[in-house]
Structure formats: structure tokens, C-alpha cells
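Taken in order, the sequence shown gives residues 3 to 960; the numbers are from my numbering.
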Amino acid sequence: MADVRPIIGMGALSEIISDKTELAKGAALFDGKQLTHLSRYENRLFADAAGSGATPYKVSLVFGEARSDVKGRCSCMAARSRPFCKHAAALLVAWARAPQAFVTAEAAPVAPAGTGGAKKSVKKGKAETGELMKAGVAQVSTLVRELGLSGVASLGAERPEQVRALGEALRANGLRRLSARAVELAGLLDAAAARTGTFEAPVYTDLVADMLLTARKVEKHLGGDALEPRHVEELIGRTWTKKDRTPVTGLTLVEYAFSSRVTPDRFLVRESRFVDLVSGGHYSEKQILPASLKTVEPKKSRAGFVLQGAVGGQYPGFAPHRLDLESWTGGTPVDRASLERLVEVALPDVGAVMAAFQEHRKDVFAPDLLPVAVRVETLLASGARSQFVDGAGRGLFLPVDASLEEPLAGALEDAKLLAVLGDVGLEAALPTLFPTALVVRTPEGLDLRPLGRSEDAPVSPRRRGRVRAPATPNALPRSGWAEAARAAGASRAAIALAEVRDELADAFASGLSAVGPRAVEPLVARLQELGLEKPGALLDALARRPDPVERLDDFIKVYQVLGIALVRLSGAVQVETSALESVPTHPSIRVHRSEEVLSPGEAMVRRARGELTRYESAAHAARYYARLGADALTRDYYPAWSDGAASAFVARTVAARGEAALDAVRDALAEHHSRMVRRTAIRVLGAMGGVQARRELDAMTRKGHDAGLRLFAKETLEDVHARETGEAAVAELLKRRRERAVPLVQAALSETTKEERGAAVGRLAELGSAAMPALRQVLHGDPSREVRREAAEALARMGDAEVIDRFVQLVQGRSHDDTEAKHAVYALGMLGDVRGAEALLVAFADGWKPGVVAEAMRTLGLALLQPALNLAETRPEVLERQALRGLFEKFNTAALAKELLARVEASRESTDLVDRAAVYLKVAAQNAAVGKQVAARLLALPAVADDKALSKLAKKLL
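This is the structure we're talking about:
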């Protein structure tokens, strides 16, 4: 008689059930937990399948002698018309993915077709977990040996899918770590098989080495060598009962991150990350449920509160230690005292972080990342890799991740950096901190500012430069890694050792036959130079063994030892702070000082080419505006007052003139000016203070149709009153604002439906600046596009200039997402920031949604004039479009004439004067009064007067 055979991978399933649609339906039924009473008897499998009625369907599979000889039977109607119904397909998928879930029956259960026979008894038991784990370990050992011998060059196209299927089976067999590594390895093998050039040998070798070491450890455990409880949790996983957990008391917890995600095996994980204000330890609270389960009350975020006297049970494992919180006293809002305590318990400097990380990684099975809180003073934002720098000038690198730029910029605007919380890891030779939250000091007091939700939580930094899941890697190119590390200032010894490991990884990826004496000779010499004689000698010895199979274990040993040595050699980098300057709008962000002074436009062009960071560009703009002087800044609103990046600088400079600047401020508040100009005027009044400023602010709270500006004026007036009353009043005002925001922040971060989170976002927008950090957090991490969009538009209404880059990028990438680009256009119009003008003008000139874009540009007012002329100069062909020429009809006559005449004067000695003159005349022709002035000035220039076409056009305008 045939026996029930293992089914491994999608290929084996498809060989039995050729109908892919039916197979997909079956997989959905299995994933939806629609099968119960799984059992096996001789050559048959049995289950009950939930149907539309109260009585479940009886389904079975009968295995024949041939490989694909499997027959399905079911009591449903569909089974009568096809070889396999969806219920039979689900049973086959269940056997392939979770064979341990089937119990062995003493006799066959009732027949599926409903023959009326008596129901036989079924033994209630469970599969031998230990045997399944042993089988899984053996499969992993075989896989590693095969990959070690063959390398990746000769991989068949089916190999990645086989490894992925093995990963799924390992998860079902209770081998947590091996399952995760196998799934990630399958992704790398996909890249290798596709020959796309994205395969990374060091990542591949790291994974294979870890799988072999883990398999050996679990094998010893199954042989009777007990694992430490923390290794049980990390390598295998199990359900820990209350008696297994260690009681903990007296914790004082503050949440600094909250996440909600669905795992590949369809479990919903909601997690809070805490720091203990007593010990400085890091903890997590998790709720893990089947994703389909809707009846359990979801875990909420505990953001904004201090959980005092917390009591609970601590699970075995590494930091952050998982807690089952039972009770706590207090629950008071996070205040200045609690944040001062958080800074106090944080690690004192970067050196302490590296010491803690090196101690953590002495355990080869410890997670790749260690949660830390560390006191730092500066974010160095120049060069290829930014760094957090402590008071002694020692730095930790940030990951290469452009998506961190906006959250960090928003969190550090007009704030002093005190501490950063996150996870530290090692990317090749670079000690890297993946930030999660910042503690900053603002004019209103201390603040804890999270940087994102689940999508921003870092994964293992195994892939070079990656912060996201493997689907979206951000890897440094293999050919340029060493150069990038040297430019960033990494340890020379660490770089040399990392290069040795990379060369070993390249050889291993080609197969162990490539790890011969000639290949390792220079590597052995370099290891001896680094003082690593023993690993060098072992590497030399294993390379001399004639059989490549005999090289595997020692190769993995050498590779792992060199990894431990790399952690020891990778220390903090010393930063020369004397050559740095602060960014005026972000005092804790510093860049390398440049002697060159670029205009804001020139700086933006260089930034677009990747030659400057956003902060270096902002520093250039600040130097440019500073050279203009207070008189020029007070007199000319454009572009300085309409530039959100310069708004705070302009406000401080103009406010220093006192009441002499009031007339200019009153004029800037007029509704024909762009929204950012008016917002800057309100900031000037706030910085100025005094009776007159308070009167103007009070008037602004009651006039105009712009609710966002009225709210900003109201908040600014409250700030002025509190500041002039004293420090206690400032603290009390901040406390009231936070207390109003806390419940809405929790709802916006942790409600389960997008409608509830969206409603919370809408109400947060009514609270003003106290809601900005939470709204930025929602913008950068909420899983719903609609909620992120609501947060973005709320921030635009509130005048948050830090989000403008996101909107500009969406408009520039409008061909990829038309809907999001349309909403970005609305948001740019609401901001009224001159930095968004170019993106709007180009979209308008290209004829993309001209009505929508024109409405947004209308709100920019005169802020649009200079960018529109810049576009006409660089792309003269756009003036062929009547819609763009018509823009110039709406500009104020005096302003248009002044700008055009200034450009004519500046172009007198230009080699392209004739081309520029043609542009100026076409623009001036849209306004008769301006046309006469510009034509007369141009005709006075010989180059224009001698050009027949130009002189003819100019004379027409006179």
C-alpha cells in the first residue's frame, strides 16, 4: 500500500493540482483557518472544511503509488464536477505547509461522501515535535552543504522556490530563526538566478553561516544539551506561560515607539517600545493575534503617558525585553521631569554605546540590533553618510535611507538635540544607529519626538545600507563600499578586515572549491598584519584540504570569528567639529563650512544634482540672506519671506529691528501676499513681542478667511503672553497643549480602522503646533494612503515647511501616481512656499491638469514671479503656451516691471543677451505698461538694436 508522501514547494502542489485557480482558493481557505480535525490514516488525509451551512464538508485525499497519483474526495457539490474542489486543494496545502498539525488516527474517519457509516474514533494526539525539528535541522545542514559545494553560479531556476518552501516548513516545525533565514536566503537566490547584478555575496555568506551555526546549536539541544531560555526564544520560540515569565516590579515606563504590522504567516503584531526611567532598560509590549481575528480588543499606544510602578512578567530573550504588563499606578502625562530623567538614564556617549554593542554581540546568537538611548548633541549632515555626534565629537553613522530625512528635519526644526533612541548595528565596518525617536529642547520645553511607526522600524542591517524589508533594499554598490567607508571616516583596521570577509564571501559564493591555497594566501597575510594569526592559520589549513566538503565547517568558523573581530575593531569615529557650522533653522544640525555663498536658486540646483544635502542647501540660503542685511530683508518680501526654510531666520533678523519693522509686517499680512509671507510676518510679531505686536496678533486671530493662519496667530499670541509672564507660564501652557493632544495622538497612532485614525488626524489639526510631531509620525508611517494624505494636508494647512520636499517629489513624479500628485498640488498651494513654485510651473507648462495647477499657483501670488521668469529663461519654448504667458498678465505691474528691468540690467554683458532679450520682450508683451519700459531699455542696448527681429518686436511694444 502507498503511504502519504511529503509535499514540498509550489511545484509539487502544481504537479498534483494543475488548476491554479482552485489551488489559490485552497490556499486562501487554509490561510483563513477554515480546516479543522486534521488527521491521517494509512495513505489518506482527512479534515472538516467550513462551508456556507452549519454542517462542515467532509474532505479527504488518497495517495497512490505514483508521484502525482492523489485523488480528492469531498461532500460538497463542486467535487462532483472536477477532480479537486477548493476544499481538497486546501487539505493538500495544509499537508504541504503544516504536516505536524495532522494527528494519526486509529481508523479512517467517516467517509466524505456521507455514506452513513458510524463515525470511527480518532486518537487525540500531536505530531512528534522533536522528530520534525530534527528533520528540519537535517534539511538545513544538507542545504548548506549543497550550497557550499556548488556556489550560486550553477543554481537552477527552481532552487529559490525550493528554499522558500523549506522556510515555510521550518516555521511549521517550530524552527523560528532557521525559517526566517531560509526565506531571506530564497530572496537572495532569486537575485542570483535572475542575474540582475543585485546579488550580494557577503549577505549570502552571512545567512548561510548563521543557518549552519543555528542548526548545530539546535541539534545539540535536541540531543539533550539544554538551551538557555533566551536562546529558546530566539532560535526556536515557544508559548511561555505565566510561571515561565520572570516577575518584574517598580518599572517607570515611557513609550517611544508604536508599531502595527502583519507577519508573512498572517499574524498581526502590535508593539509598544518602552524605556525604563529607573534603569534605562528597554522593553516591549506585544499583542500577537491571527490577522483574521476581529473580536479581540486591539492593543492601544501608550504614547504621552508615564507608566509608574509598572508590574508584570518578563519573557526570556534579548533586549528589548518583552513584558506582559499587568498593572501600573499613575499614568501621568510625560512632562519635563520625566524627559530629564530619560536623558539622565541614557548612555552618556557614543563610546558607551559601542561598549554595550560589543558586549551584546559576544553571543553569536544575539540579534543583530541592540536598542539604545544615548546622549548626543549634533546631527552631522554632510557627506554620503550622516552621523549623530556626542559632546566629545565621536559619531555614530545613520543608515543610507532618504526616507529618514523628512522625519529628522521635522523633529529637529528650531530644537536642540539632547538624546536619540533607536537600534545600533553594524553595516560592514560602519557602526550604525537606526533612530526611532529623539529627545529635544524647544523654546517651549523638552519634547519626545518619535520618527515613525511600523514601516520605519529597522530590520537586521544585514543588507548593506538597508533599513527596510528585503523588498526595498537600499544597498551600497559592492564596487564602492570601501571608498564610501573611508570617506565616512571608519576605522582603517575595521575596513581592512571587512574587505577580507568580503573576499572570503565572494569565494564562498563561487563554491568551496574556489577557497584554495592560491586564493587565500593574500588574505592570510592580511589577517596576520591585523594580528589575527589563529584565524589566518586555520584559513590556510582548510584551504589545503583536497576535498571541498571538508572545508565547510572550518570556513564557517573562520568567517564567524572574523565577524566577531570586526565588531571589536569597529569603534566610534572622531569628528572634527571645528570645521562645522550650524543650520540656522535647525541649530543641532551641522554641516561642513563652505567659503562659497550660493543663492537659494543655485543651491537648489546643486541639491537636485546630488552635490549638496538639504541642510547644506539651507545653510547656503541662510548665508545668502544674511549678506542681504536686515534693511533688504525688511524691504523685499520675495523670495526670503516666502521661503519656508528661511522663515525663522527672517523672523529673528527683522524682529531685531523692533517696532521700526511694524509697517513692513503690516504690509506683509495683506491677503494678496502668499501664505508663507503672511506666516513669516506672524513669526516676526512673535519674536518681536511687546504691546504693538500683541495687538497685531490679536487682530489676526479674528480676520481673514484662512483658519490655519488664524490658529497660528492665536498660538503665537499665547506664546508671547506666556513668555512675557515668566517661565512657569510657559511650562503651564505647554502642559495644557500636550494634555489636549495626548488622547488624539494615541487614537491617530493605534486605532484599528483608517476612518478612526483619519478622524483623529482631523481633530489633531485643530490643536496647532502641539500636534505637529504626531501628524508627521502619521505622515511617515500610517499604513493607509488616505490617512497619510489627510496628515499631509493638515500639515500644509498648518504651514509645516518641512514636508514640502514630499509634495514636490510627488508632483515631479506625477506620471507614476496621478492621484497623489493632484493632492500634492493642492498642498503646495496651501503652503504658499516659493520652493514649490518651480514644480508647479513645470507641470503647468507641460499641460498637466492646468485648472488644478493654476488654482494652486494663484495662492502663491508674487512668490511665483521670479520662478516663472527663471523657467522662461531656461526653457524659452514654454512661452509658446498661451496659458503660461497669461500668468504674467496677473502680476502687479510695478513688480513685474521692476523684476524685468533688473534682469535686463544684469544681462547687459551676457553672451546670450539676444536670447534673454527675446524672452523678456515676450513676457513684457503681456502688460502694455511694462512692455513700453522694457522695450525702451532693451533698444538702448546695441546688441538688441542691431538685431532686426528683436528691434522690430521691441518697437511694436513702444
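Just so it is clear, CB atoms sit at the ideal spot from N, CA and C, and this is done for glycine as well.
(message) Please give the ranges of any alpha helix (DSSP H) in the region 385 to 457, keeping only runs that are unbroken, at least 4 residues long and fully inside the region.
(response) 407 to 414
(request) Keeping to the same chain, check which residues put their C-beta closer than 7 Å to that of Glu792; ignore five residues upstream and five downstream. (result) Gly760, Val763 and Gly764
(request) Check whether the Cβ atoms of Leu420 and Val376 lie closer than 8 Å to each other. (result) no
(message) Within the continuous alpha helix (DSSP H) that includes Pro292, where are the two ends?
(response) Not the alpha helix (DSSP H): Pro292 falls in the beta strand (DSSP E), residues His284 to Pro292.
(request) Measure the C-alpha to C-alpha separation of Ala927 and Trp850 and round it to an integer number of angstroms. (result) 25 Å
(request) Please state whether DSSP places Trp97 in a helix, a strand or coil. (result) helix
(message) Please report the straight-line C-alpha distance between Ser909 and Tyr922, rounded to a whole angstrom.
(response) 11 Å
(request) Return helix, strand or coil for Thr615, following the three-state DSSP convention. (result) coil
(message) If I measure Cβ to Cβ from Ala724 and keep anything under 7 Å in the same chain, skipping five residues before and after, which residues do I get?
(response) Ala731, Val732 and Leu735
(message) Can you look up Thr251 in the DSSP assignment and give me helix, strand or coil?
(response) strand
(message) DSSP three-state label for Lys851, please.
(response) coil
(message) Considering just the uninterrupted stretch of the beta strand (DSSP E) at Pro589, what are its terminal residues?
(response) His588 to His594
(message) With the cut-off set at 8 Å, would you say Gly315 and Lys244 are in Cβ contact?
(response) yes
(request) Give the single residue among Gly353, Ser580 and Ser584 whose Cα lies nearest to the Cα of Leu381. (result) Ser584
(message) Pop quiz: Met135 and Leu224 are said to be a contact at Cβ under 8 Å. What is the actual Cβ separation, rounded to whole angstroms?
(response) 6 Å
(request) Find the nearest neighbour of Met800 within the set Ala489, Ala773 and Pro58, judged by alpha-carbon distance. (result) Ala773
(message) Along the chain, where does the beta strand (DSSP E) containing Thr913 start, and where does it finish?
(response) Looking at the DSSP string, Thr913 is not in any beta strand (DSSP E), and its letter there is neither H nor E.
(request) In angstroms with no decimal places, state the Cα-to-Cα distance between Gly28 and Ala91. (result) 5 Å
(request) Output yes or no for whether 8 Å exceeds the beta carbon distance between Tyr206 and Ala507. (result) yes
(message) On the DSSP bridge list, what partners appear for Cys76?
(response) Val61
(message) Does Lys35 pass the burial test, meaning 16 or more other C-beta atoms within 10 Å, or should it be called exposed?
(response) exposed
(request) Enumerate in chain order the residues of its own chain whose CB-to-CB distance from Ser644 is below 6 Å, with the five nearest sequence positions on each side excluded. (result) Ser676, Met678, Val679, Val836 and Ala865
(request) Have a look at Asp425 and Leu372 and give me their C-alpha separation to the nearest angstrom. (result) 5 Å
(request) Return helix, strand or coil for Gln316, following the three-state DSSP convention. (result) strand
(message) With the cut-off set at 8 Å, would you say Gly888 and Leu862 are in Cβ contact?
(response) no
(message) Measuring alpha carbon to alpha carbon, tell me which residue in His323, Trp242 and Val271 is nearest Gly282.
(response) His323
(request) Kindly give me the distance between the Cβ atoms of Leu209 and Arg183, rounded to whole angstroms, as I take these residues to be in contact under 8 Å. (result) 5 Å
(request) Look at the alpha carbon of Glu230 and the alpha carbon of Lys288, and state the distance between them as a whole number of angstroms. (result) 22 Å
(request) With distances taken Cα to Cα, identify the nearest neighbour of Arg358 among Gly427, Leu63 and Ile10. (result) A small fix is needed here, since residue 358 is Ala in this sequence, not Arg. Checked all of Gly427, Leu63 and Ile10; the closest Cα to Ala358 is Gly427.
(message) Quick check on the burial criterion: 16 or more other C-beta atoms within 10 angstroms. Buried or exposed for Gln748?
(response) buried
(request) Quick one: using the 10 Å Cβ neighbour count with 16 as the cut-off for buried, is Gly688 buried or exposed? (result) buried
(message) In the DSSP output, what is Glu257 paired with across the bridge?
(response) Phe276
(message) Taking the alpha-carbon of Phe809 as reference, which of Gly831, Val789 and Glu788 has the nearest alpha-carbon?
(response) Gly831
(request) Buried or exposed for Thr520, please, with buried defined as at least 16 other CB atoms from any protein chain shown within 10 angstroms of its CB. (result) What sits at residue 520 in the sequence shown is Arg, not Thr. Exposed is the call here.
(request) Starting from Thr380, follow its DSSP beta bridges and name the residues at the other end. (result) Val391
(message) DSSP has Thr375 in a bridge; who is on the other side?
(response) Going by the sequence as given, residue 375 is Ala instead of Thr. For Ala375, which the question treats as bridged, DSSP gives the partners Leu423.
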